Structures are given as structure tokens and as C-alpha cells.
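Once you know that position 32 of the sequence shown is 32 in the numbering used here, the rest is easy, because the numbers rise by one and skip nothing.
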Amino acid sequence: MSFKRRKKNKAKRSSAPLTPWEQEQQRRQERLRAEKKKTEIRPEYDKNLPKMKKKRTQRLKKHEKVLLTFFLVIALVTLYFILPISRVTSVKIDTSYNESKNEILHATDLKYYESLFSVWPQTEQIKKNIKKEVPSVKSVDISYQGSKIAIKAHEYPMVGYLKKGKDQYRITASGSVSVQKLPKVTGRYPVYYSFGSKKVLTQTAQQFSKFSPEIKQSISEIHAAPTKVDPERIKLYMNDGNQIIAKSSTVAKKMKYYPNISANMDKPGIVDLEVGAYSYSYDEKK
């Protein structure tokens, strides 16, 4: 009987409201259980959290560097476009003949303060234009020195002066004739007269370039003297008083006989190299 009475009394106490102290203890136990459960569920996450933060920080720094580099490049490019160094400020032309400089400059079509960004891609085309517009130019080199452009033109050697009315123009070994007339000439090269045929003039110039230096210096004038039978007929007037008749296409091959022929001549006369190779005096009729 006494056991049952104690049991009832215990049941009554369990159903009674908790005291504030008991409530606080209960909440504390619940927090401990929750923290324990959280620790059991995310142990690896909590362990790796510092590493994840470090990686995230590294990624942010990397992105910052990429953005900084990008904006720095944009700023430098913008600054380059603004500064004069990105513009054509001068063009220097180096060539064998001064009268060709204006022709070459005109052929480049370059303009003062033009953007170099539009010039660089056109370098090869500029070379082609120079060779096309100035036939005396054999090859061209173009280099860039900041905002300055240097053009080195390699021209065919000069072979004489073409006489047109009162003016004279330079002729090169390619047969090209300068556009600008020469203000003055020297006696180093022969003067070409009466060349109405471009073909004959080109042949003569090419053949002249094959002469030996001694033969070149001994010629004072070259005249075109075509006939119905031979449109390539030319006459060469020598400093020793002789006159040579030859063909514009074969004169270089025949001129090798001239030194021996002239040495055997008693007095100045005509050396005919048009077909064969012989001479006769001015007094003799042919």
C-alpha cells in the first residue's frame, strides 16, 4: 500500500509546472544537443572553411589584377593615340638621285600627322606604289623610328640624259625616264637624242649598262636613227671623233670589237656594227 502511494505522489510532481531554474536547465540542454548535432552534420565543412576563404580571397585578387591590367592597357593605348608619337611627323627619303625624292614622296601618298595605325598595314602596298610610280626604283626598304618614317630607295644606275626640247631628263638602266627635268647636267653621261620609240630607248639604256666603264666614258651622244629597214638603228658619237652605227638590241655584244677597230683606224671615221664589224673614213661613200 505504501508503494502505490509513493508512485502516485511522483506522478503528481512530474505533471506540475517547471520552475524557472528547471526551464533554464532544459533550454541549456536543448542548445547543447543542437550544437552537438550541428557539429556532427558539418564537421568537414567547418574544418575546410579557412581553406575556402583563402581560395576565395586568391580568386578575388586574381580578378582584381586582370581588371587592373585591362584598364591599364586601355589607358596606355588611349594615351598613345593622343600623343604625337602615334602620328606621322616626318618622312626621310634616302636615294641616289635627289630629283627622285619628290617623285617617291608623292608615290607614298603619306600625309602629315596621319595615324601610324593606318600606315603600318599599308607598308607593302606603299613599296609597290613607289616601284610602280617611279620606274627607276629597283627596290624599297621602309622602317619606322617612332613617329618618323625612313624610306631607302635603291634605284637602277644612271645611263644618260634624254634630251626633250631644251630640257634634259635622267635615264636609268631600266629605260625609265625621270618625271622632273634636271636643273643641270654633268659630262659623265651621254645625251640621248630623238628617241621617239620607248622600246628602242629601253633597249639602248639596257645595252649601255652592259658596256665596260672605259666604253661608257668614251661616248658623248647617242642618237636614234631608225630606217624603214631597221627601226632599231642608232648612232653613237665617240669622244675620239668616231661615229658608231649599231642596233639597239645588239650593240653591247658588238662594242667589244670597237677598241681593236679604232686602234687600227688612220683617222676618225665610221665604225659599222649594225650587221658585221668594220670601219671606213668619213670621206669614203657607203
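From the three backbone atoms N, C-alpha and C, an ideal C-beta is built for every residue, glycine too.
From a predicted model like this one, the values you see are computed outputs, not experimental measurements.
Alpha carbon of residue i to alpha carbon of residue j, nearest angstrom
i    : j    : result
Q122 : S136 : 22 Å
D240 : S281 : 13 Å
Q168 : G146 : 39 Å
K111 : Q180 : 22 Å
I130 : L162 : 22 Å
K12  : K53  : With a pLDDT of only 48 at K12, under the threshold of 50, the placement of this residue in the model should not be trusted, and no figure is reported.
A34  : L18  : 22 Å
K10  : P20  : Reliability fails at K10, whose pLDDT of 48 lies under 50, so the model's placement of it is uncertain and the value that follows must be treated cautiously. When rounded, the distance between both Cα atoms is 20 Å.
V177 : V159 : 10 Å
Q207 : I244 : 14 Å
I74  : R87  : 18 Å
K235 : Y189 : 16 Å
N260 : V191 : 25 Å
I104 : I93  : 8 Å
D266 : Q203 : 32 Å
S139 : L83  : 33 Å
S295 : D109 : In the structure displayed, the chain extends from 1 to 286; residue 295 sits before or after that span and is not available.
L76  : K65  : 16 Å
S218 : M238 : 6 Å
I215 : V251 : 12 Å
R59  : F71  : 18 Å
S195 : K166 : The sequence shown places Phe at residue 195, not Ser. One C-alpha to the other measures close to 15 Å.
H223 : R170 : 16 Å
A205 : G187 : 17 Å
T69  : D141 : 36 Å
Q26  : K62  : 50 Å
Cβ neighbour criterion (16 or more within 10 Å) applied to residue i
i    : result
M255 : buried
W125 : Note that residue 125 is Gln in the sequence shown, not Trp. Flag for Q125 reads exposed.
M1   : With a pLDDT of only 46 at M1, under the threshold of 50, the placement of this residue in the model should not be trusted; the figure read from the coordinates follows. Exposed is the call here.
K127 : buried
V229 : exposed
G276 : exposed
T95  : buried
Y113 : exposed
Y144 : exposed
Cβ-Cβ distance between residue i and residue j below 8 Å
i    : j    : result
K253 : E274 : no
D272 : S262 : no
K148 : T89  : yes
Y97  : E155 : yes
S209 : A173 : yes
P157 : S197 : no
P268 : N242 : yes
E99  : L182 : yes
Residues bridged to residue i [DSSP beta-bridge criterion]
i    : result
L162 : Y169 and Y192
R233 : K247
S279 : V271
M238 : I219
V177 : I171
S143 : A150
The ligand ADP heavy atom lying under 7 Å from the CB of residue i
i    : result
T108 : The model on display carries no ligand, and the ligand ADP is accordingly not part of it.
* Asked: Considering only residues of the region 74-139, which uninterrupted beta strand (DSSP E) runs meet the minimum length of 3 residues and lie entirely inside it, listed in chain order?
  -> Entirely contained in the region 74-139, the beta strand (DSSP E) runs reaching 3 residues are, in chain order, 90-94.
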